[in-house]
Structure formats: C-alpha cells, structure tokens
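Asker: For the sequence shown, the UniProt record's numbering begins at 1 and goes up steadily by one. Every residue gets a Cβ at the ideal spot worked out from N, C-alpha and C, and that includes glycine. Keep in mind the model is a prediction, meaning the values are calculated, not measured.
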Amino acid sequence: MSVVAINPRQSPPGRTNRARLVRQRTGPTLTITVDLASAAASPCLNRLLELLSELAESGEGRVSGNDDVERPTVVEDPRAVWILTGPRRVRQGDRDVPLTRIEYDLLLFLAERPRRVFTRLQLLNSVWGHDHAVARTVDVHVRRLRAKLGVDTPLLTTVHGVGYRLADDARVTVRR
C-alpha cells in the first residue's frame with residue numbers, strides 16, 4: 001500500500017490541471033493506493049476499506065478506482081457469493097469465480113428474482129435471448145455453475161418437472 005499527499009496548487013502556465021476540472025480542492029488531498037489483487041485482504045485492510053466507503057457516503061471524501069479490482073468489504077461466510085455487476089465478476093468469499101458470459105448472466109438473472117421458478121424455455125428466452133437452443137443447454141450451464149461454486153454452496157435449486165430457481169438459503173448479494 002502506498003500513501004501520497006497532494007498539495008493543491010495551480011497548474012504551470014500553459015498546462016491544464018485535469019484534477020482541478022473535476023473538483024476544486026480547498027485543502028490538501030490524501031491519496032491512498034491499495035493493491036487488492038495481490039492477496040486476500042486482511043481484517044485491517046477490510047476495516048480501512050469500510051472506513052473509506054463511510055467517508056465517501058457521508059460526502060467527506062471520494063473513493064475511486066479500478067472496478068475490476070473491487071472487492072466486497074467483509075465476508076464472514078466463505079460460501080457467500082457476491083455478484084459485482086460493474087466489472088461483471090463473481091466472488092465467493094475471498095476468491096474470484098471465473099464464469100463464462102452465460103453462466104454469469106444465468107446466475108445474475110436468478111439472483112435478481114429470488115423465490116421464482118423458471119422453466120428451461122423461460123431461461124433460454126431471458127438469458128440466452130432466444131429459445132432455439134435445446135432446453136438441456138440450461139441443465140449443462142446450471143451443472144457447470146454448481147461445479148464452479150462448489151457442492152457445499154446451495155445456490156440453485158432444481159424444481160423437478162418445472163425448472164430452476166435460486167435456493168432459499170442462497171447467500172447471494174448483487175452489488176451494483
């Protein structure tokens with residue numbers, strides 16, 4: 001982690017200060033750069049991220065960064081699943097879960113509609129965008145999704161003779 005303090009100053013003649021175009025600074029600025037991709041976040045780092053988020057929400061600060069390295073702050077349960085819609089990533093506990101486009105879309109579709117059962121044809125229309133594929137295609141993607149998220153994570157429930165739905169006890173959070 002690196003910490004950089006930036007003093008507000010005028011741009012040299014002939015150069016535009018891009019930061020000044022975004023926001024006029026009234027005092028010194030503290031920039032904190034945290035490498036979130038290197039390893040699992042420690043409890044101290046998670047607390048720092050929580051505090052920075054609180055500052056940003058209160059209007060006293062601004063948090064910006066790369067969306068593709070965004071992590072949920074504290075995850076108590078390693079089976080908890082976070083769907084990060086901005087970077088289209090899925091995290092389970094402290095690890096990224098590599099999903100295909102369709103697997104991601106299927107999981108997001110079901111997570112946004114808990115306790116509703118969808119037939120295979122409804123899923124083909126809503127997730128794939130057409131119903132020209134074989135209905136068993138949905139079964140294959142559900143099986144792969146379950147395998148990637150682990151058998152200990154009850155996420156998708158099969159409603160025999162009907163289709164699929166998000167499990168009642170699924171720990172899924174959609175983060176926009």
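By alpha-carbon positions, which one of V117, G150, T85, R144 ends up nearest to H160?
Answerer: Answer by Cα proximity: V117.
Asker: Counting beta carbon pairs with one atom in the region 124 to 141 and one in the region 78 to 87, are three or more of them shorter than 8 angstroms?
Answerer: The region 124 to 141 and the region 78 to 87 do not touch, with fewer than three beta-carbon pairs separated by less than 8 angstroms.
Asker: Identify which residue in W128, L110, P43, R91 has its Cα closest to the Cα of L156.
Answerer: L110
Asker: Tell me the residue span of the alpha helix (DSSP H) that contains R120.
Answerer: Annotation: the continuous alpha helix (DSSP H) that includes R120 extends over 120 to 123.
Asker: Is the distance from the Cβ of T153 to the Cβ of V81 below 8 angstroms?
Answerer: yes
Asker: So, R120 versus R165, is the Cβ gap smaller than 8 angstroms?
Answerer: Using a Cβ distance threshold of 8 angstroms, R120 and R165 do not count as a contacting pair.
Asker: Got a sec, what are the start and stop residues for the alpha helix (DSSP H) R144 sits in?
Answerer: 136 to 149
Asker: Which term fits Q92, buried or exposed, when burial requires 16 or more other beta carbons within 10 angstroms of its beta carbon?
Answerer: buried
Asker: Measure the C-alpha to C-alpha separation of V90 and L106 and round it to an integer number of angstroms.
Answerer: 12 angstroms
Asker: Can you grab the Cα-Cα spacing for the pair L52 / L30, in whole Å?
Answerer: Each residue's alpha carbon lies about 12 angstroms from the other.
Asker: Which of helix, strand or coil does DSSP assign to D94?
Answerer: coil
Asker: Can you tell me whether L55 is buried or exposed? The criterion is at least 16 other CB atoms within 10 Å of its CB, across all chains shown.
Answerer: exposed
Asker: Should E103 go down as buried or exposed, given a rule of 16 or more other Cβ atoms within 10 Å for buried?
Answerer: buried
Asker: Going by CA-CA distance only, name the one from W128, A170, A133, G163 that's closest to V151.
Answerer: A170
Asker: With a threshold of 16 other CB atoms inside 10 Å of the CB of V134, please say whether the residue is buried or exposed.
Answerer: exposed
Asker: Suppose you measure from the CA of V162 to the CA of Q122; what does that come to, to the nearest Å?
Answerer: 11 angstroms
Asker: Can you tell which of R47, L48, L145, L124 has its C-alpha closest to the C-alpha of T100?
Answerer: Of R47, L48, L145, L124, the residue nearest in Cα terms is L145.
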